[in-house]
Amino acid sequence: MVQKRTCDYSGQEIEPGTGTMYVKNDGTVLWFADAKCEKNYRMGREARDLEWIGNEDEAADADVEDADVETDAEEATDAPVDADADAETDAEEATDAPVDADADAETDAETADDAETDEEVDA
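According to the working numbering, the sequence shown is numbered sequentially starting from -8.
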């Protein structure tokens, strides 16, 4: 079966039957998509510094980001329905909470009054 390779310089996919295999003296094998990539490598240019390299990856990343935004938008339209139900539940709990807090405060006040009464009796 024919292997698909990627250019070691530009990251482009190399079609089977094209490209150049470059073997360094230390045995490292480099694959280049075209002569332009090979010549830039031999001149010592860093691939990250060239504008023409990576445009395909950036375009693919932009497509993926657009898809993520669309997915988030779809989830956001579903979220308010669930948020309304949660808000109603939270509102019910919030109305119950102050009543309980007031009851606790009244109980604490009654306990303090009872303690003062006990002290007066002892005196």
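For each residue, glycine too, the CB sits at the ideal point set by N, CA and C. Predicted model only: the values in this text are computed from it and were never measured.
DSSP three-state assignment for residue i, whether helix, strand or coil
| i | result |
| --- | --- |
| Glu4 | strand |
| Arg36 | coil |
Nearest neighbour of residue i, chosen from the options [CA to CA]
| i | options | result |
| --- | --- | --- |
| Asn31 | Val(-7), Cys(-2) and Met(-8) | Cys(-2) |
| Thr201 | Glu37, Arg33, Met(-8) and Arg(-4) | With the chain represented from -8 up to 114, any question about residue 201 goes unanswered, as that position is not in the structure. |
| Tyr13 | Glu4, Glu6, Ala26 and Pro7 | Ala26 |
For residue i, the first and last residue of its enclosing beta strand (DSSP E)
| i | result |
| --- | --- |
| Thr11 | Thr11 to Val14 |
| Val(-7) | Taken as a continuous stretch (DSSP letters only), Val(-7) belongs to no beta strand (DSSP E), as it is neither H nor E. |
Buried versus exposed, by CB contacts within 10 Å (16 or more), residue i
| i | result |
| --- | --- |
| Gln3 | buried |
Inter-residue spacing [alpha-carbon to alpha-carbon] between residue i and residue j
| i | j | result |
| --- | --- | --- |
| Thr11 | Ser1 | 13 Å |
| Ile5 | Leu21 | 12 Å |
| Phe23 | Pro7 | 12 Å |
| Glu37 | Glu29 | 12 Å |
| Val33 | Asn16 | Here residue 33 turns out to be Arg, not Val, going by the sequence shown. So the alpha carbons of these two residues sit roughly 14 Å apart. |
| Gly35 | Gly18 | 19 Å |
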